[in-house]
Structure formats: structure tokens, C-alpha cells
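Participant: Numbering (my numbering), first residue to last: 6 to 296. Note that CB positions come from ideal geometry on N, CA and C, so glycine has one too.
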Amino acid sequence: MTAVLTRPPEAAPAVGPSAPPETLHQTGRLSVLAGYAGRAGWKSLAVLLFLALWEFGPQYLAGPSTRVFLPPLHEVLAAGAKLVESGQLQSHLQASLTRSVSGFGIAVVSAVVLGLLIAWYGWLNSFLNPLLELFRNTATLALLPVFTLLLGIGEESKITIVAYAAFFPVLLNTIAGVRTVDPLLIRAAKSLGLNSFRLFQKVILPSAVPTIFTGIRMAGTSSILVLIAAEMVGAKAGLGYLIVNSQMSFLIPDMYAGILTVSVLGLLVNVLLVALERHFSRWRTAVGSGT
Numbered sequence: 006m007t008a009v010l011t012r013p014p015e016a017a018p019a020v021g022p023s024a025p026p027e028t029l030h031q032t033g034r035l036s037v038l039a040g041y042a043g044r045a046g047w048k049s050l051a052v053l054l055f056l057a058l059w060e061f062g063p064q065y066l067a068g069p070s071t072r073v074f075l076p077p078l079h080e081v082l083a084a085g086a087k088l089v090e091s092g093q094l095q096s097h098l099q100a101s102l103t104r105s106v107s108g109f110g111i112a113v114v115s116a117v118v119l120g121l122l123i124a125w126y127g128w129l130n131s132f133l134n135p136l137l138e139l140f141r142n143t144a145t146l147a148l149l150p151v152f153t154l155l156l157g158i159g160e161e162s163k164i165t166i167v168a169y170a171a172f173f174p175v176l177l178n179t180i181a182g183v184r185t186v187d188p189l190l191i192r193a194a195k196s197l198g199l200n201s202f203r204l205f206q207k208v209i210l211p212s213a214v215p216t217i218f219t220g221i222r223m224a225g226t227s228s229i230l231v232l233i234a235a236e237m238v239g240a241k242a243g244l245g246y247l248i249v250n251s252q253m254s255f256l257i258p259d260m261y262a263g264i265l266t267v268s269v270l271g272l273l274v275n276v277l278l279v280a281l282e283r284h285f286s287r288w289r290t291a292v293g294s295g296t
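(1) How many whole angstroms separate the CB atoms of Gly108 and Ala171, which I take to be in contact at a CB cut-off of 8 Å?
(2) In three-state terms, what does DSSP make of Leu278?
(3) Contact defined as beta carbons within less than 8 Å: I believe Met237 pairs with Gly245. What is the distance between those atoms, to the nearest angstrom?
(4) At the level of alpha carbons, what is the spacing between Leu273 and Ala280?
(5) Across the segment 216-230 and the segment 147-155, are there enough close Cβ pairs to call them in contact, namely three or more that are closer than 8 Å?
(6) By Cβ distance below 8 Å, which residues in the same chain neighbour Gly295 in space, the five residues on each side in sequence not counted?
(7) Let me know if Leu58 comes out buried or exposed under the rule of 16 or more other beta-carbons within 10 Å of its beta-carbon.
(8) Skipping 5 residues on each side, what residues in its chain have a beta carbon closer than 6 Å to that of Arg184?
(9) Can you name the start and end residues of the alpha helix (DSSP H) that Leu190 belongs to?
(10) If you count every other CB in all the chains shown that lies within 10 Å of the CB of Ala291, and 16 or more means buried, which is it?
(11) Taking all protein chains shown into account, do 16 or more other C-beta atoms lie within 10 angstroms of the C-beta of Ser101, making it buried, or fewer, making it exposed?
(12) According to DSSP, simplified to helix, strand and coil, what is Ser131?
(13) Who are the near neighbours of Asn178 in its chain, counting only those whose CB is closer than 6 Å to its CB and skipping five residues on each side?
(14) Provide the residue span of the alpha helix (DSSP H) that contains Thr71, from first to last.
(15) Can you tell which of Thr266, Ser115, Val52 and Asn250 has the C-alpha that lies nearest to the C-alpha of Leu297?
(16) Tell me whether Arg203 is buried or exposed, calling it buried when 16 or more other Cβ atoms sit within 10 Å of its Cβ.
(17) Would you say Glu60 and Leu78 are within 8 Å of each other, going by their C-beta atoms?
(18) Between which two residues does the alpha helix (DSSP H) harbouring Leu155 extend?
(19) Check for me: the alpha helix (DSSP H) holding Val106 runs from which residue to which?
(20) Note down the Cα distance separating Val249 from Pro69, rounded to an integer number of angstroms.
(21) Within 10 angstroms of its Cβ, does Tyr261 collect 16 or more other Cβ (buried), or is it exposed?
(22) Give me the residue from Ala181, Ser115 and Leu139 with the minimum Cα distance to Ala168.
(23) Measuring straight from C-alpha to C-alpha, what distance separates Asp187 and Arg222?
(24) So, at 8 Å on beta carbons, what are the nonlocal neighbours of Thr145 in its own chain, with the 5 sequence-adjacent residues on each side left out?
(25) Spatial neighbours of Ala112 within its chain, please: C-beta separation below 7 Å, excluding the five flanking residues on both sides.
(26) Pull up the CB-CB distance for Pro211 and Pro76, whole angstroms please, since I reckon it's below 8 Å.
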């Protein structure tokens, strides 16, 4: 009889606990990437559905008269592309950013400094609190005619009203952030011989950063919205001027392109401020991971 030699079947690659470290590392990386992709897809699903509704709703769900005032998304994007090609959108965006950044920067610096002083010195708080409460409860846009009359329709009035709108969210959150610092940390720092400047630098400011940045993010949104409203009233350039001028000229797709630009700008500002907050709060992450 002739013996038949059979080749033993090849073993399947192990994927369980006995798998090689390289296979486990690749599998773990793929699972992490799949998790990130799934979360990103879920978070963007509502936005994608809204954009799809904007694109197909005016074409198939609305009448011709409604489509005139609510054009589909592709017409708005085409109008935005034409504005970019002509350079109009860039010039209006630059004008708005210059005013917004100037007023926002003035508000953040002055509000953080004043908030630290008010939270640290009780007599200053009792002296300024009634006046600050009076101005805080006054609507910003209600003071737009006052700023226009006093400062004119130039850049000064726009920057001032942006600074006014962004000032109080930063101020109130700075005061709240300083007052919520753990008193034991302050006593420990004083017992180590830290002077007032080092105490602010090493203890109070790091502990108050998350609360301060909450106010800064609120102020960033308020500065853009108030600026757009101010540009609609009296300006010759800016996104607010682009929106109202397109509406008056019956350039409806251009108007929506300006509105969409404002939305994207606000989103980018919020993302930037969140990144800055994480950068200045890295010590909290390090402490949390260490424990």
C-alpha cells in the first residue's frame, strides 16, 4: 500500500489574548479609529440632515414663490464662490474681523484685570458693583444709537460696542472663577512665602482659567453677533453690511452666503477658544491623569 502524505492545515492567525503584540496593537488602533469615526459621524448627522433639507426642501417641498426667498443650498454656495472670486467676501470678512478682534481684545484684557481686582479686594467690589449691575442689565444694542451719536459711524463706534458686549461675560466669569478658588490652596501658598504677584500667577489664575474661558467663549459669540447688527445699521463694509445690502438689492443667494459665512466664522472662533482653553488648562489634565 502506498502511504498518502497529507499537509497539515495552516494555523489561523491568533487574534485573542495569545496574538502577537503587533496584531493586538493594530486591532486596538483600528477599534479606536472606528470609534472616533462613529462619534464624528453621529455628531455631524444633524448638520448633514439640515443641509440636505436646505438643498432639497426648496426644490421639492416649497412652491416657486418660496424658492425665490429660500434658494437651495447649491445656489447659495455658487453665490458665495462668485463673491470669493470677485474678492468681495474677503474684504467684508477682513473688515468684520478687524473690528471684532480689536473690540474683543480690549474687552478681554480690561475685564480680566478688573475682575481679578474686584474679586480680590472687597471694598472695590462694594464700590463698583451697583454701577456694573446697572450697565450689565442694559441691552447692548439699545446703546448703539448712543455710540453712533458720540463716536460717529466710523470704526470707533463699532469697536466700542463690540468691547461693551464682550466685557461683561468675561468680567463676571473672572470674578466667579477667582472666588471659587480653594481657600486651602491660597493659605498653603501664603504659608510658603509667595507674594501677591506670585500667588496670582501660580495659584489663582490657573485655578480660575476654566471659568474665565467660559466667559471668553460667551464673549466671542456676543462680539460677532453685536458687530453684525452694528454693521447693518451704519457701515460701508463688513459681513453685516453685505447681508443687509444683498437683501435690499434682492440678491437673496448673496444674503444667505453672508449669513452662512457668519455661522462658519462663529464656529471657527469657538473651536479656537476651546483649543486655547485646553492649552492653558493642561495642568488639570496632567493632575487628573496622575491620580
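Facilitator: Result, derived from the coordinates:
(1) Yes, they are in contact, since the Cβ atoms of Gly108 and Ala171 sit about 6 Å apart, within 8 Å.
(2) Of the three classes helix, strand and coil, the one that applies to Leu278 here is helix, per DSSP.
(3) So it is a contact: roughly 4 Å between Cβ atoms.
(4) Between Leu273 and Ala280, the C-alpha separation is close to 11 Å.
(5) No, the segment 216-230 does not touch the segment 147-155.
(6) In this predicted model, Gly295 has a pLDDT of only 48, less than 50, meaning its place in the structure is not dependable; the value taken from the coordinates is given anyway. Around Gly295: no qualifying Cβ.
(7) It counts as exposed.
(8) For Arg184, the CB contacts under 6 Å within the same chain, skipping 5 residues up- and downstream, are Ala124 in chain order.
(9) Here the alpha helix (DSSP H) through Leu190 covers Pro188 to Ser196.
(10) Below a pLDDT of 50, predicted positions are generally treated as unreliable, and Ala291, at 48, falls in that range; the measurement from the model is reported next regardless. Its Cβ having fewer than 16 others within 10 Å, Ala291 is exposed.
(11) The residue is buried, with at least 16 neighbouring Cβ atoms inside 10 Å.
(12) Ser131: helix per DSSP, three-state reduction.
(13) Excluding residues within five positions, the ones whose Cβ falls inside 6 Å are Thr216, Ile217, Thr219 and Gly220.
(14) Residues Pro69 to Phe74.
(15) Because the chain here runs from 6 to 296, residue 297 falls outside it and cannot be looked at.
(16) It is exposed - the Cβ of Arg203 has fewer than 16 other Cβ atoms within 10 Å.
(17) Glu60 is a Cβ neighbour of Leu78, given a cutoff of 8 Å.
(18) Membership of Leu155 in the alpha helix (DSSP H) is indicated by the continuous run Leu149 to Leu156.
(19) Its alpha helix (DSSP H) spans residues Gln93 to Trp125.
(20) Rounded to whole angstroms, Val249 to Pro69 spans 23 Å at the Cα level.
(21) Around the Cβ of Tyr261, a 10 Å sphere holds 16 or more other Cβ atoms; the residue is buried.
(22) Comparing Cα positions, the closest option is Ser115.
(23) Whole-angstrom Cα-Cα distance: 24 Å.
(24) The residues are Ile166, Tyr169, Ala170, Ser227 and Val231.
(25) Ala168, Ala171, Phe172, Val175 and Ala224.
(26) Going by Cβ atoms, the distance from Pro211 to Pro76 rounds to 50 Å, so no, they are not a contact pair.
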